[in-house]
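According to our numbering, the sequence shown holds residues 1 to 144 in order. Here a beta-carbon is modelled for each residue, glycine too, at the ideal position from N, C-alpha and C. In this text the structure is predicted, and so the values were computed from the model without any measurement. Just below is one structure, and these are the notes that go with it.
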Amino acid sequence: MSWEYSRRVKYYETDRMGVVHHSNYLRIIEDARMEWLRDNFMSYSELEKMGVIIPTASASGKFVSYLRYDDEFKVIIRLVQFKGVRMEFEYEIINSVNGQLCYTGESTHFFAVDGNYKPYLSFRSKFPELYQKMCLLHEKDTKI
């Protein structure tokens, strides 16, 4: 099961060539991931209040086509792997008007204790409800 996040390109996200600057694609997928968390799991601010953070371990992408100022687009996000603490997402950014694929990417993250940035190895035992919820979300996303 995939999840979608939609919006328009903001002027400040573009460069002198009139297209979205490459660095902003990481911000866009982060926005999508934060909204995915809010809609499917819990808000990031709620996690932080519990002393849990989700650092990025890696992120990469491929630019396929360009988005310009005010283009409508959607980000399709999938949780493709969850291994107890570590999770991997895949993304596609698609121009909503013409359906053209603009970007593909992936990122890896992990649950960590706020302040030490190391994997929260006791996440499963300390937060069993959250662990189970992530397992169910992963199960849904792998049934495409």
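Taking 8 Å as the cut-off, the Cβ atoms of Thr104 and Lys140 do not count as close. Under the rule that a run must span 3 or more residues, the beta strand (DSSP E) segments found entirely inside the stretch 39-117 read 56-63, 72-83, 86-95, 101-110.
In this chain, Arg16 is not harboured by any beta strand (DSSP E), its DSSP state being neither H nor E. Closest option to Asp114, judged by alpha-carbon separation, among Thr108, Glu35, Lys74, Leu47: Leu47. A Cβ-Cβ contact shorter than 8 Å links Tyr5 with Val75. Val97 is classed as exposed because its beta carbon has fewer than 16 other beta carbons within 10 Å across all chains shown. Around the CB of Asp70, fewer than 16 other CB atoms lie within 10 Å, so the residue is classed as exposed. For the set Arg38, Val52, Met87, Tyr44, the Cα lying nearest the Cα of Asn116 is the one of Val52. Nearest to Tyr131 by alpha-carbon distance, out of Met1, Val85, Ala59, Tyr91, is Val85.
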